[in-house]
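A short worksheet on the structure shown next.
Number of protein chains: 2
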Amino acid sequence: MEKFPLKSSSIPLNAATTYQTMNKKYSNGSGLSSVTSDDSDMIDITTSTAAGDRNTTTRSQDDDDGNLQYSVGFSNMLESGDIPGIGQYDDFHTIDWQRDIARDRMRHRYIVKKKQDSIWTLLAGAHDAWSGWLCVLLVGLLTGAVAGVIDIGATWMTDLKFGICPQAFWLNKEHCCWSPSEADLDSGNCSQWKTWSEILGHSSEGAGAYIISYLFYIVWALLFAALSASLVRMFAPYACGSGIPEIKTILSGFIIRGYLGKWTLIIKCVGLILSVSAGLSLGKEGPMVHIACAIGNILSYLFPKYGRNEAKKREILSAAAAAGVSVAFGAPIGGVLFSLEEVSYYFPLKTLWRSFFCALIAAFILRSINPFGNEHSVLFFVEYNKPWIFFELIPFIALGIIGGVIATIFIKANLYWCRYRKYSKLGQYPVTEVLVVTVITAVFAYPNPYTRMNTSQLIYLLFSQCGISNSDDLCNYNRNFTDVNSIEIAAAGDGVYRAVWLLILALGFKLIMTIFTFGMKVPCGLFIPSLCLGAIVGRLVGIFVEQLAYRYQKNWIFSGECSTGDDCITPGLYAMVGAAAVLGGVTRMTVSLVVIMFELTGGVRYIVPLMAAAMASKWVGDALGRQGIYDAHIALNGYPFLDSKDEFAHTSLAADVMQPKRNETLSVITQDSMTLDDIEQLLKETEHNGYPIVVSRESQYLVGFVLRRDLNLAIANEKRMVDGICGQSLVLFTSGHTIQALGPPPLKLKRILDMAPITITDQTPMETIVDMFRKLGLRQTLVTHNGRLLGVITKKDVLRHVKQMDNEDPNSVLFN
Amino acid sequence: MEKFPLKSSSIPLNAATTYQTMNKKYSNGSGLSSVTSDDSDMIDITTSTAAGDRNTTTRSQDDDDGNLQYSVGFSNMLESGDIPGIGQYDDFHTIDWQRDIARDRMRHRYIVKKKQDSIWTLLAGAHDAWSGWLCVLLVGLLTGAVAGVIDIGATWMTDLKFGICPQAFWLNKEHCCWSPSEADLDSGNCSQWKTWSEILGHSSEGAGAYIISYLFYIVWALLFAALSASLVRMFAPYACGSGIPEIKTILSGFIIRGYLGKWTLIIKCVGLILSVSAGLSLGKEGPMVHIACAIGNILSYLFPKYGRNEAKKREILSAAAAAGVSVAFGAPIGGVLFSLEEVSYYFPLKTLWRSFFCALIAAFILRSINPFGNEHSVLFFVEYNKPWIFFELIPFIALGIIGGVIATIFIKANLYWCRYRKYSKLGQYPVTEVLVVTVITAVFAYPNPYTRMNTSQLIYLLFSQCGISNSDDLCNYNRNFTDVNSIEIAAAGDGVYRAVWLLILALGFKLIMTIFTFGMKVPCGLFIPSLCLGAIVGRLVGIFVEQLAYRYQKNWIFSGECSTGDDCITPGLYAMVGAAAVLGGVTRMTVSLVVIMFELTGGVRYIVPLMAAAMASKWVGDALGRQGIYDAHIALNGYPFLDSKDEFAHTSLAADVMQPKRNETLSVITQDSMTLDDIEQLLKETEHNGYPIVVSRESQYLVGFVLRRDLNLAIANEKRMVDGICGQSLVLFTSGHTIQALGPPPLKLKRILDMAPITITDQTPMETIVDMFRKLGLRQTLVTHNGRLLGVITKKDVLRHVKQMDNEDPNSVLFN
């Protein structure tokens, strides 16, 4: 369709008469609009947009002739729908769910109505009906593809720090070694792959080679990190961090323009590959959610149903978030539950089904790309052959408690550091900060083999069972091959003790570095670092329990299962349980966490241990510090997020919260006794986004609500259209049958009046009001007493009140 | 604690002064209360219950001294909470979610407050905090145990129709044959197990033995069915059917007293074993949800937090429903999603986590009981070793379409029959009907081996792959063992063709019998019959595609995968996909269906085919007939269920829906100008459950809302307490400072006034109102215009309006 920027201006009378809009029907609770633009072209068009609404509402229920009006009015809207700004919001403002959803239903009704007209409209109707599915299909396809590219890129660049494949530089180490001869793969070396010291003519052994490799490692890391930080700084500041706190806020109905834009997407993908390759203590799983949501946002613009309607767009974003987790972990069901439990706000069942479809498609595509070169699309696929034993629940729960404690330490320290960064000079040097952290990470990571390797590899190693062929230090057991009964259970050898010490060092190092890394101005997630911390702790506990079982085989606790000589304790399982515990403590995920871990392992067998640990960890975390990392970062940034999980447990009433407070007066407009001068004075003196209309200043009986923006425009329009308007003209919000013979002609503005604002009484408990704000997606509500207006409660007022009651700083809520 | 039935009566003044209750704070939208009891003892106590509320609401936000009042008032409530009837509702009435949840938060605040008082209150607080988890733990334990008992009982009694284990009559056939020698198990016969003809001295072969077995089969079936139907008829009429439509309605906030009671539980368990054993075309999976919910309901009475609060109780019931599906299919995650998607209404995230826990515990217990004697806790565990091929999506989608058609035929025919039963004489002879259907089922089922066997066994057989050792007709392929390339793919033998004909007969038979069976007055579910219908269709299609692939191995479609001689088509997988399609079409489940099927097979590999079929089936079903079987039965029974999945897509306004209609007058009470006679006249003439209070009959400015029941009681109380009250006394709902010197003393009733009713304006679109009713759980809302009262909209009005707009009979909504 073409754009018609001047259409309404050219027929202003029509525009004016169809102005009665959203007010009458769809603007409940929309009030205090965020849009304060003065672009009158755009506005006039907005007015005609509303025509459909008005026509539908004025016709009586049984009046079929209303349909003509309806479709005529609606076609205006569809046309003007092509003009930018319709149904959109300003940056950093809250959306009005009710109005957006009503707008969509109106669209839908119009299309259903039109369907019978011609083949073309029938097709348009079919396209509209399918566009949701088509959109999530495309999102799934693209998310899978992008995830594949990121996985391949990150693997290649991570290997680049160590060496190169001279015959084919585009291959990573695994593929380089894999293609010609598979023989040497296990030993970790192959002739095709050259380390940098080999390239420079040195041997691969010896102190010189070590130093050269060390230096190359640091230089590459610095290069990658510098590139990543500079790209983010220069092109897309929103590409930094994990993005999940912002996604949560956006899905709860907030506008952050550009956060899901194409530049953010591109820079986040490139920066993510770079920062992962730099060896920083961060993961690419969290940012995958941001990337998927950006894809969802961009693709939604192909479908006007979603692209032009912020509330509907959030359905696509919820599905995209599910796809993001799905590709991050190869866990489609876990992804859907993550979206449902953790990030989404408005999640109707239709969205559940589409999210599932989207997540599945994304996982399917990623598996087809097969970036890891194995048959599983997951990062660390493990399969244990031993069931767990009932008494193991004790160490599992202990792991949960330890996980909760580690998570709390991490959250508190990270928050402290982020707050320091935010309010100190440090925040002005993001690239320098990244470089310093990179150097420290690289210098300390290289000497320890467990930190030198890719974090995903480390997790995989920690999760895995010790086979007899496994040559890692972790599997260095003194196995007695002569005694059949003792092959599997064995005393730990020197290697295991060495590994334990290195792992303890790695644990401390990773914990500290992650605290400083998460929140830096590069794309960084903390799923993988959290899992890694937990896996280390878990493996350590697992080895401890295993050796305990070996030493005290005859003890009654172990005798049932371990005395046969079988390997009754699987340290890898402990690593997995520990990983779940720390991740659960950090993010406060519950069901989705267990399902993700369950999909990673592919068996229901270990759900009970995982669940026990996740529960213990969450409870310990909740007891030690109320918020998960994402909620804490939301609070730190002052986003207006009204958490649907927290219960409002206080006893205040609407009268305690509403504006104005005692001794202040509420700015109202009377329906028929204010002059134009009065109103222009009011608009000048106050900055409210909307004004209640009352019968008279004395009675304060509520008539409706009018938006500041609408008021400005309607006055300008009337001045243009009606001759003789002057400062003494009365402004009337009543029906126009009061004939006024004397004085200048009045301004008749009933058509911009929202006659269905959501109201509550002053005695309504805040519990109910918080519930209404959450469930109905309100922006504000009017407070009345016996039909008389007392005040207004906006979402910001509610958020501030919640903060205040929780003894937090109410001024930390920044946006409305 | 003791009960204090007369406590408030003994201090009536206190009761009266603390009466201001819920009105002020917690009764938003509660209006039109369902309790019309006149038991004044109970009522006085109710009034003191409210004290906590009033005290909390009247104190100012910062007033800490209010806490004393608060806890004093609240302790009244806790004491009176022991008296039956508090916070409860009458049978067949709708609950008020907002008030119940507010009551619970009040309780919670009180307990948190009290915690510091002593060790005892600390323990009580801890117990309260844990009671939710403890309750779902118990529900899970008991559900798993009961499911185990039912499974064992049903298996034993099903085998009893064929024979008995003389050495140990309590063993079923499998266990009987299993214990002494395992050798003969595969052939289906063992020496320990005697068929009835053997017991009677005949051989197990020959026409005589066949006739004896046939007769025994019919007689046992009749006996079981008669017993089941009689038990249900005599002891627990609610135990019939699957129970899922009623559970959905109950979870949406409706009271059906006794539906989840102990008698229903016991009779449903026993009747379920009997009716399954009778060989009727029904399953025990749906009723398992009802059984689990009954367990949840009964156990919730152990915890006052849940037992005494209908809204909170529904959290336990949601978790119990998840446990029910979890034990029915051995699918805990599927169970939780089923609860979320299909049956639950109010499902906060806390409930998600608890439901998961509950489902897991139940599955764990059932697995420990191990009723099926194998290592999987599921009915039909299958594992395929072949991946599906991309072109197979075509037959899978075709299966989805066929499934949707079969499901629609089933739903329409079943509904027709149920409606006929309901309005004809047939409904008066439930036992006779059961007996007739049983005889027909038994007579026609026995000759066909596929209908003679247990339906679960048939499904298992249809799902399974044909191994070389499998001797069933279905696996009678002409395998060419000399050619290595053609061992697996082979032409169908005579046995397969025979099996195909028998399966087609079985399909028709099962479809017809299930139509007549579902809705009879015995416990019966339709998960298993639906799965069975789908599995038969799927297997038939699978065999067809398989033979197609064999015949046209060289065709380009098949050449890629099938030309190697491998068995490229797995008919068992088609059976599973078909089963999912029909079940999806019948119940309109989506995600939960796929997850249940995925948990049955234990692999993500077949999610895409399952999903494609489920989607196709749902869309076909939705196109052919709007409702799933459960929603159709809800509508048939006229339950007040406001579906949260349907969108209200019409354009009516509050003014179109509200009562009274044009030309009628609304019954209101003025705040200070009506005499006692006027009000008693009003109460006599109208039957409304509540009355709005307005400033004056002329102005109609809304002041508040008063319940009929409260009004009756308060008048009686005033008459008792104040001397000189007569018919001419004014009834005042204003604050009492208007001193009236003349005439009889007035009745001051401000304390029973609900000053925070939910109000909307007459211009509010019904979309918004339906949304508010769903999301806030309202019972009614008041309609105003400029602060003036116009009318009332109740949930029943909304339901009727929805029906009317959908061209259905609005009078089919029976309850409010």
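For the protein sequence lines, the chains are A and B, in the order given.
Quick note: the first sequence uses this note's numbering, first residue 22, plus one each step.
Quick note: the second sequence uses this note's numbering, first residue 22, plus one each step.
Heads up, the beta-carbon is just placed ideally off N, CA and C, and yes, glycines get one too.
Backbone secondary structure at residue i - three-state DSSP
i, result
"B/ILE276", "coil"
"B/GLY808", "coil"
"B/ASP138", "coil"
"A/THR3", "As displayed, chain A neither begins before 22 nor continues past 837, which places residue 3 of chain A out of reach and without an answer."
"B/PHE368", "coil"
"B/ASN499", "strand"
"B/ASP172", "helix"
"A/LYS769", "strand"
"A/LEU181", "helix"
"B/ILE746", "coil"
"A/ALA299", "coil"
C-alpha distance - residue i paired with residue j, whole-angstrom precision
i, j, result
"A/VAL310", "A/ALA342", "5 Å"
"B/GLU829", "B/SER717", "39 Å"
"B/GLY425", "A/PRO258", "50 Å"
"A/ALA534", "A/ASN435", "Residue identity differs from the one stated: residue 534 of chain A is Met in this sequence, not Ala. So the alpha carbons of these two residues sit roughly 10 Å apart."
"B/LEU524", "A/TYR131", "48 Å"
"B/GLY355", "B/ARG329", "30 Å"
"A/LEU293", "A/VAL460", "18 Å"
"A/SER833", "A/LYS817", "11 Å"
"B/ARG278", "A/GLU788", "29 Å"
"A/THR176", "A/GLY300", "11 Å"
"A/SER139", "A/CYS156", "25 Å"
"B/PRO877", "B/THR270", "Because residue 877 of chain B is not part of the residues shown, which for chain B are 22 to 837, the question remains open."
Other residues of its chain near residue i: CB distance less than 8 Å, five sequence neighbours each side excluded
i, result
"A/ILE790", "ALA675, VAL678, ILE781, THR802, ILE814 and VAL819"
"B/LEU811", "ALA676, MET679, LEU687, GLN721, ASP783, VAL804 and THR805"
Cβ shell of residue i (< 6 Å), same chain only, five flanking positions each side left out
i, result
"B/LYS182", "TYR238 and TRP241"
"A/LEU361", "PHE368"
"B/VAL616", "ILE354, GLY355 and LEU358"
"A/PRO266", "TYR651, HIS654 and ILE655"
Of the listed residues the options, nearest to residue i (C-alpha basis)
i, options, result
"B/VAL641", "B/ALA428, B/VAL615 and B/PHE537", "B/ALA428"
"A/PHE844", "A/SER485, A/GLY599 and A/TYR441", "Lying before the first or after the last residue shown, residue 844 of chain A is absent from chain A, which here runs from 22 to 837."
"A/GLY725", "A/LEU797, A/LEU753 and A/LEU495", "A/LEU753"
"A/GLU331", "A/TYR627, A/ASP112, A/LEU645 and A/ASP664", "A/ASP112"
"B/SER838", "B/GLY448, B/ILE271, B/SER365 and B/ALA313", "In the structure as shown, chain B begins at 22 and stops at 837. Residue 838 of chain B is therefore absent and cannot be evaluated."
"A/SER339", "A/SER263, A/LEU358, A/PHE548 and A/GLU706", "A/LEU358"
"B/LEU162", "B/GLY345, B/LEU243 and B/LEU295", "B/GLY345"
"A/CYS553", "A/LYS446, A/ILE628, A/GLU336 and A/GLU306", "A/GLU306"
Beta-carbon contacts of residue i that lie in its chain and below 7 Å, excluding the five residues immediately before and after
i, result
"A/LEU526", "ASN469"
Closer than 8 Å to chain E by CB, residue i
i, result
"A/GLU404", "In the displayed structure, chain E is absent; the protein chains listed are A and B."
Inter-residue CB distance, residue i and residue j (contact presumed, cutoff 8 Å)
i, j, result
"A/ILE536", "A/PHE431", "6 Å"
"A/TYR595", "A/VAL562", "5 Å"
"B/PHE472", "B/PRO550", "Correcting the residue identity first, residue 472 of chain B is Thr in this sequence and not Phe. About 11 Å separates the two Cβ atoms, so there is no contact after all."
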